[in-house]
Every structure is written in structure tokens, then in C-alpha cells.
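These notes are about the structure you will find just below.
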Amino acid sequence: MNVANAIAVFAGLLLIWQLVVWIFHVPPYMLPSPLAVSRVAISRSSSLLASLSITAVESAGGLVASIIVGVLIALVFAQFRWVRRTLYPYTILLQTVPIVAVAPLILMWIGGGTPAVAFIAFIISLAPIIANTTQGLISVEENLVHLFLMHSASPAQILFKLRLPYAVPSLFVGIRIASGIAVIGAITGELYAGSSRIGAGGLGYSILYASSQLQTDYLFALVAAATVLGFAFFFLVMFFEWYFLHRWHESARAQEST
Amino acid sequence: MTPPQIDFANVGKSYGNSGVVLQGLDLKIQKGEFVTLIGPSGCGKSTVLKLIAGLTSPTEGTIKVNGMAPRDARETVSFIFQDATLLPWRPVGQNVGLGLELDGINKAQRREKTEALLRLVGLEKVAKFYPRELSGGMKMRVSIARALATSPRLLLMDEPFAALDEMSRDRLNEELLRLKAEQGWTGVFVTHSVEEAVFLSSEIIVLATHPGRIHKVFAIDLPFPRTAALRETAEFGALVAQVSHILRGAIAQ
Chain A
556 MNVANAIAVF AGLLLIWQLV VWIFHVPPYM LPSPLAVSRV AISRSSSLLA SLSITAVESA
616 GGLVASIIVG VLIALVFAQF RWVRRTLYPY TILLQTVPIV AVAPLILMWI GGGTPAVAFI
676 AFIISLAPII ANTTQGLISV EENLVHLFLM HSASPAQILF KLRLPYAVPS LFVGIRIASG
736 IAVIGAITGE LYAGSSRIGA GGLGYSILYA SSQLQTDYLF ALVAAATVLG FAFFFLVMFF
796 EWYFLHRWHE SARAQEST
Chain B
120 MTPPQIDFAN VGKSYGNSGV VLQGLDLKIQ KGEFVTLIGP SGCGKSTVLK LIAGLTSPTE
180 GTIKVNGMAP RDARETVSFI FQDATLLPWR PVGQNVGLGL ELDGINKAQR REKTEALLRL
240 VGLEKVAKFY PRELSGGMKM RVSIARALAT SPRLLLMDEP FAALDEMSRD RLNEELLRLK
300 AEQGWTGVFV THSVEEAVFL SSEIIVLATH PGRIHKVFAI DLPFPRTAAL RETAEFGALV
360 AQVSHILRGA IAQ
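Residue numbers (our numbering), protein chains in the order written: chain A, 556 to 813; chain B, 120 to 372.
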């Protein structure tokens with residue numbers, strides 16, 4: 556990825572957008588110009604940042620919870636084949652359940668606000684963590700297992716000294732996928748279960764509010780903030796992946812050279 | 120005479136419907152021998168090693184290692200696999216110390232032993248390197264050092280040098296014999312290379328296939344220590360030709 560090129564393309568698109576708005580006199584409630592969006596982003600920066608940080612906390616909370624719970628479930632799946640065979644299909648359920656449909660239930664059970672939204676982000680990001688980590692844990696080379704058996708290693712030693720480190724690259728594949736959908740999950744969750752108290756609404760809630768008030772310029776600023784948040788999560792995960800893997804794993808090596 | 124270190128009595132191995140892998144194997148290996156198993160693919164050479172290691176069980180007959188069931192004898196047995204099977208997330212030193220770590224040896228003793236072994240295989244300079252930074256030959260040396268770290272009485276080797284270029288393979292063969300002379304373990308080796316088998320072994324067991332069984336046992340009476348120069352002697356060449364001939368007989372059957 557060439558950063559300079561990417562920035563140039565982005566600047567070019569903004570310029571075209573600005574020109575289209577100017578030349579065709581597009582009304583601001585239909586399509587505000589980039590300049591108008593940045594003006595409102597600055598003038599309302601405190602509420603924008605407040606919404607951003609709420610959504611960031613919700614999605615990070617959901618993601619961290621899904622990593623902890625997902626890895627624990629994957630460890631059980633790897634250790635007991637019959638549990639895996641029996642329960643694995645239900646993890647697909649996690650992916651297919653429409654968040655829109657269960658949000659009212661969650662709202663009913665644990666009330667609205669940050670915990671409910673984090674819970675939605677957690678549910679939606681759990682499946683890729685479980686699937687990828689389990690795959691990594693069970694695909695250890697047979698000879699490595701034999702090596703451990705030759706030293707009379709206990710099942711716990713095989714799990715923690717062999718399978719778990721072996722699965723870390725796969726775990727990161729899962730986290731990378733989960734980090735993106737955790738943010739989306741949090742924003743979607745906020746539409747239904749987010750707090751509407753003044754100053755306590757996240758990006759999702761604010762988007763809903765801005766669109767109902769035809770504050771299209773602020774709506775665009777919120778969408779941009781949501782995008783930035785997704786990017787930030789992605790690069791944070793990339794950094795951790797590099798930090799933990801670059802010394803020994805080929806995939807992390809490959810990223811370095813691109 | 121002392122009882123053999125490895126004793127197979129009428130050992131057979133078959134897998135469900137897929138047929139008989141080994142049949143009627145009577146095999147005795149004495150302490151201090153270097154025995155090589157050679158034969159066409161599918162003759163069950165690797166299975167013999169796995170049986171000795173207790174990684175798989177015979178469907179017929181009995182196996183004793185040091186007078187015990189193979190699983191109970193594991194403490195004194197090390198296995199070197201075809202690929203180096205290093206843990207890529209551990210630096211070389213920690214890979215060599217793996218067996219000691221699993222056996223519950225404390226860190227200070229582990230370090231001392233690991234350093235000594237790295238010196239022995241000439242890798243003391245790369246102790247902190249990760250496996251992916253090493254060449255194939257170096258990885259195999261680490262694998263050998265790891266196997267020797269637990270002071271085995273019996274070393275099982277499943278085509279350990281098959282993936283290496285000829286130069287590295289020859290050098291590692293010489294090194295293996297040096298280590299054996301120093302440490303006195305018994306070696307059981309599997310290979311496809313007749314030259315390698317003749318160079319290393321005190322005895323070569325040629326296996327035939329369908330089902331896997333012993334075709335011929337052939338003693339190599341070349342004196343130890345053996346050095347690189349041996350490969351150029353007429354005697355060595357003649358033995359290689361003889362074993363190749365026997366091997367062709369095993370394949371033709």
C-alpha cells in the first residue's frame with residue numbers, strides 16, 4: 556500500500572465532491588460540501604468527540620470481551636472433540652442472528668446504554684474469534700504433537716505450550732475480522748439500544764438524531780468519525796499483530812515489506 | 120549376552136480395511152548399534168519407528184524397549200522427525216531446551232545443558248535466532264541438539280536429512296557418528312539413501328513391501344570411527360553396490 560498515492564486519491568475525490576456541490580448548487584441538506592462538513596466538525600467538535608469516544612468504548616469493550624470469551628470457548632472446542640462437534644454449529648447462529656431483531660430483547664434484559672451496546676458488539680464479533688482460533692488450535696502438525704508425547708507432556712502442556720502459541724496467528728486473523736464488525740455492531744446497536752440522554756449518545760444515536768433533524772453536514776461528520784474509528788481499530792490490531800508475530804511468523808514479515 | 124535394547128516378536132500392524140502394513144516382524148537391536156531401515160515406499164519403515172516410540176501400537180505380537188513396553192521406555196528415547204519440527208515462536212536455545220522443560224528440569228540446569236549442546240552441534244552463535252532465520256541444515260542441527268538434550272539411550276530418526284542438499288547431508292552424517300561415538304546411544308535410522316545407510320550403519324535392515332516385512336539383514340563391517348574419506352574407498356563403493364542390489368531384489372518381489 557502506497558500511502559502517498561492513497562492520500563492523493565482521497566484529496567482528489569474531496570476536490571471533485573467540492574466542485575460538484577459548487578457547480579450544481581446542490582442544497583446542503585442533500586449533499587453538504589466537504590468544507591461545510593469540516594466546518595461543522597470543528598464547531599461541534601466536543602459533541603462529536605463525545606459520541607466518538609462512547610462508541611469507541613462500546614466497541615472496544617465488546618471486542619475485548621469477545622477475544623477473552625472466544626479464546627476460552629476455542630480452547631474447550633480444541634480439547635474436547637465431542638463438545639466441538641456438538642456446539643460448533645451454534646457459533647454460526649451467532650453470525651446469522653439479525654442484530655436488529657435481538658436488540659429489543661437485549662434492551663429489555665439489560666436496559667439501554669453502553670453495556671447493552673457493548674454486549675451487541677460482543678455477540679457480533681464472537682463468531683470469527685471462535686472459528687479462527689479453533690482452526691488454529693486443531694491444525695497443529697501431527698509430528699509436533701508426537702514430539703510433545705515423546706516427552707510425556709500432559710494435555711495441559713500440549714495445550715498451552717504447543718496449541719495456543721501455534722494458534723496465535725489464526726487468532727489475529729479472527730481479531731482483524733472482529734475489530735471491523737465490532738465497530739459496525741456498536742453503531743447498529745446504538746440505533747436500537749443506545750442511550751439517548753444528552754451527551755451519552757454514541758455515533759449511532761447521533762446519526763439517527765442528525766438525520767431526523769436534516770443536519771446533513773453533521774451527519775457526514777459523524778459518518779467520517781465512524782470510519783476513522785474503524786480504521787483506528789484496524790491499525791491498532793495490525794500493530795499488536797506485528798508486535799507479537801514479527802520475530803517468528805512469516806505473515807507478519809510479509810506485511811513489513813509491503 | 121545382554122538382552123536386546125529393542126525386541127520385536129512376531130509384530131504385525133494393520134489399519135482397518137486399508138490392509139496390512141507390517142507382518143511377522145522379528146527384530147532385535149543390541150545396545151550401541153546403529154541400525155538403518157531401508158526399503159521401497161510403503162514398506163512400513165516409519166511405522167517401525169513409531170512402534171518403537173509407542174506412538175502407535177502393534178495389532179499383533181509384542182514389542183519391548185529396554186525390557187519395557189514402548190510407552191514406558193519413552194524417558195530414554197528421543198525422536199528426530201523428517202522435518203525439523205521446531206517451535207517457530209521460540210528462539211533456538213529454547214527449542215533445544217524444550218524436552219528438558221517438559222521433563223521439569225529447572226531453568227539454570229536447562230541453560231547449562233542447552234549451551235553445551237549448542238556448542239556440540241556448532242550453533243552457539245545462533246542461540247537467540249528464531250528458526251525461520253536458519254537454513255535447513257541448521258534447523259536439523261537444532262533438532263538433533265534438542266533430541267540429545269534429554270540424554271537419550273536410544274535415538275530414532277525418520278529420514279532426518281531427506282530434505283537437505285547432499286553436502287549438508289554428508290556433513291551431518293559425519294557429525295551424527297561423532298556424536299554417537301561420544302555419547303554411546305543406540306541409533307535406529309530410516310532413509311531412502313543407500314549411501315547414507317552404508318556410511319552410518321553397523322547393520323542395515325532391508326524391508327520388502329506388501330506386506331511390509333524383513334527382506335534381509337546386512338551387517339556393515341566397516342570399522343568406526345568413519346570419516347568423510349571412507350566414501351571414496353573401493354570397499355565403500357562395493358558395499359553400496361551390494362546393498363543396492365539387495366534393495367532391488369526387495370522391490371522386485
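From the three backbone atoms N, C-alpha and C, an ideal C-beta is built for every residue, glycine too.
No experiment lies behind these values; they were computed from the predicted model shown.
**Prompt:** Relative to the C-alpha of residue 184(B), which residue among 201(B), 204(B), 213(B) and 148(B) is closest?
**Reply:** Distances from the alpha-carbon of residue 184(B) to those of 201(B), 204(B), 213(B) and 148(B) put 148(B) closest.
**Asked** Does DSSP put residue 331(B) in a helix, in a strand, or in coil?
**Response** Strand.
**Request:** Identify, in the order they occur along the chain, each residue of the same chain with its Cβ nearer than 7 angstroms to the Cβ of residue 179(B), setting aside the five sequence neighbours on each side.
**Result:** The residues 129, 130 and 131, in chain order, have a CB closer than 7 angstroms to that of residue 179(B) in the same chain once the five nearest residues on each side in sequence are set aside.
**Message:** Nearest by alpha-carbon distance to residue 321(B): which of 311(B), 327(B) and 336(B) is it?
**Reply:** Of the listed residues, the one whose Cα sits closest to residue 321(B) is 336(B).
**Message:** Bridge partners for residue 157(B) per DSSP, in chain order?
**Reply:** According to DSSP, residue pairing for residue 157(B) in a beta bridge involves 325(B).
**Request:** List the endpoints of the continuous beta strand (DSSP E) containing residue 131(B).
**Result:** From DSSP, the beta strand (DSSP E) with residue 131(B) extends over 125-134.
**Prompt:** Applying a beta-carbon distance threshold of less than 8 angstroms, which residues of chain A neighbour residue 304(B)?
**Reply:** Using a Cβ-Cβ cut-off of 8 angstroms, residue 304(B) is close to nothing in chain A; its nearest Cβ partner there is about 15 angstroms away.
**Asked** Mind checking residue 674(A): buried by the 16 CB within 10 Å criterion, or exposed?
**Response** By the neighbour-count rule (16 or more Cβ atoms within 10 Å), residue 674(A) is buried.
**Request:** Take residue 691(A) as the anchor and find which of 762(A), 715(A) and 792(A) has the nearest alpha-carbon.
**Result:** Answer by Cα proximity: 715(A).
**Item:** Alpha-carbon to alpha-carbon, residue 338(B) and residue 143(B)
**Value:** When rounded, the separation of the alpha-carbon atoms in residue 143(B) and residue 338(B) is 21 angstroms.
**Message:** Which residues in chain A have a C-beta closer than 8 angstroms to the C-beta of residue 328(B)? List them in chain order.
**Reply:** The contacting residues do not exist; residue 328(B) stays about 23 angstroms from chain A at best.
**8 angstroms Cβ cutoff, residue 273(B) in contact with chain A** = Under the Cβ criterion of 8 angstroms, residue 273(B) is not counted among the residues facing chain A.
**Request:** Have a look at the DSSP bridge pairing and note the partners of residue 273(B).
**Result:** Answer is 196(B) and 305(B).
**residue 623(A) - partner residues in DSSP beta bridges** = Partner(s): none; residue 623(A) has no beta bridge.
**Item:** Residues that DSSP places opposite residue 738(A) in a beta bridge
**Value:** Bridge partners of residue 738(A): none, in fact.
**Request:** Go ahead and label residue 157(B) buried or exposed: buried means 16 or more other beta carbons lie within 10 angstroms of its beta carbon, across all protein chains shown.
**Result:** So residue 157(B) counts as buried.
**Message:** Quick test of the definition: if touching needs 3 or more C-beta pairs under 8 angstroms, does the region 224-240 of chain B touch the region 194-202 of chain B?
**Reply:** The region 224-240 of chain B vs the region 194-202 of chain B: no contact.
**Prompt:** Just the Cα atoms here: how many angstroms apart are residue 581(A) and residue 607(A)?
**Reply:** If you take the alpha carbons of residue 581(A) and residue 607(A), they lie about 28 angstroms apart.
**chain B contact for residue 787(A) (CB, 8 angstroms cutoff)** = Not one chain B Cβ lies under 8 angstroms of residue 787(A).
**Asked** Do you know offhand how far residue 725(A)'s Cα is from residue 371(B)'s?
**Response** Answer to the nearest angstrom: the Cα atoms are 47 angstroms apart.
**Request:** Name, please, each residue of chain B whose Cβ falls closer than 8 angstroms to the Cβ of residue 712(A).
**Result:** What residue 712(A) touches in chain B, judged by beta-carbon distance under 8 angstroms, is 221, going in chain order.
**Asked** What's the call for residue 564(A), buried or exposed, on a 16-neighbour Cβ count within 10 Å?
**Response** By the neighbour-count rule (16 or more Cβ atoms within 10 Å), residue 564(A) is not buried but exposed.
**Request:** Return the first residue and the last residue of the beta strand (DSSP E) that residue 147(B) is part of.
**Result:** It spans 138-148 - the beta strand (DSSP E) in which residue 147(B) sits, taken as one unbroken run.
**Asked** What residues of chain A sit near residue 290(B), judged by a beta carbon separation below 7 angstroms?
**Response** Per Cβ cutoff of 7 angstroms: no residues; residue 290(B) is ~24 angstroms from chain A at best.
**Request:** Consider the Cβ of residue 255(B): report whether some Cβ of chain A lies at a distance smaller than 8 angstroms.
**Result:** Cβ-Cβ to chain A under 8 angstroms: no for residue 255(B).
**Message:** With distance defined between alpha-carbon atoms, name the residue in 332(B), 310(B) and 291(B) nearest to residue 346(B).
**Reply:** In terms of CA proximity to residue 346(B), 291(B) leads the group 332(B), 310(B) and 291(B).
**Prompt:** The alpha helix (DSSP H) with residue 233(B) in it runs from where to where?
**Reply:** 226-239 is the span of the alpha helix (DSSP H), which, as asked, contains residue 233(B).
**Message:** Within 10 Å of its beta-carbon, does residue 315(B) have 16 or more other beta-carbons around it, so buried, or fewer, so exposed?
**Reply:** That one is buried.
**Request:** Taking only beta carbons into account, state which residues of the region 688-719 of chain A come closer than 8 angstroms to chain B, listed in chain order.
**Result:** Under the 8 angstroms Cβ criterion, the region 688-719 of chain A contributes 696, 698, 699, 701, 702, 703, 704, 705, 706, 707, 708, 712, 716 and 717.
**Request:** Take residue 165(B) and list the residues in its own chain whose beta-carbon comes closer than 7 angstroms to its own, dropping the five residues that flank it on each side.
**Result:** Taken in chain order, the residues that qualify are 277 and 309.
**Asked** Roughly how many angstroms separate the alpha carbons of residue 614(A) and residue 678(A), rounded to a whole number?
**Response** Looking at the two C-alpha atoms, the distance is approximately 11 angstroms.
**Request:** Kindly indicate which three-state DSSP category residue 744(A) falls into: helix, strand or coil?
**Result:** Of the three classes helix, strand and coil, the one that applies to residue 744(A) here is helix, per DSSP.
**Message:** Considering just the uninterrupted stretch of the alpha helix (DSSP H) at residue 169(B), what are its terminal residues?
**Reply:** Membership of residue 169(B) in the alpha helix (DSSP H) is indicated by the continuous run 164-172.
**Request:** May I ask you to check if the CB of residue 182(B) is nearer than 7 angstroms to at least one heavy atom of the ligand ZN?
**Result:** The model on display carries no ligand, and the ligand ZN is accordingly not part of it.
**Asked** Would DSSP call residue 152(B) helix, strand or coil?
**Response** The three-state secondary structure of residue 152(B), taken from DSSP, is coil.
**Prompt:** Are the beta-carbon atoms of residue 596(A) and residue 737(A) separated by less than 8 angstroms?
**Reply:** Taking 8 angstroms as the Cβ cut-off, residue 596(A) and residue 737(A) do not qualify as a contacting pair.
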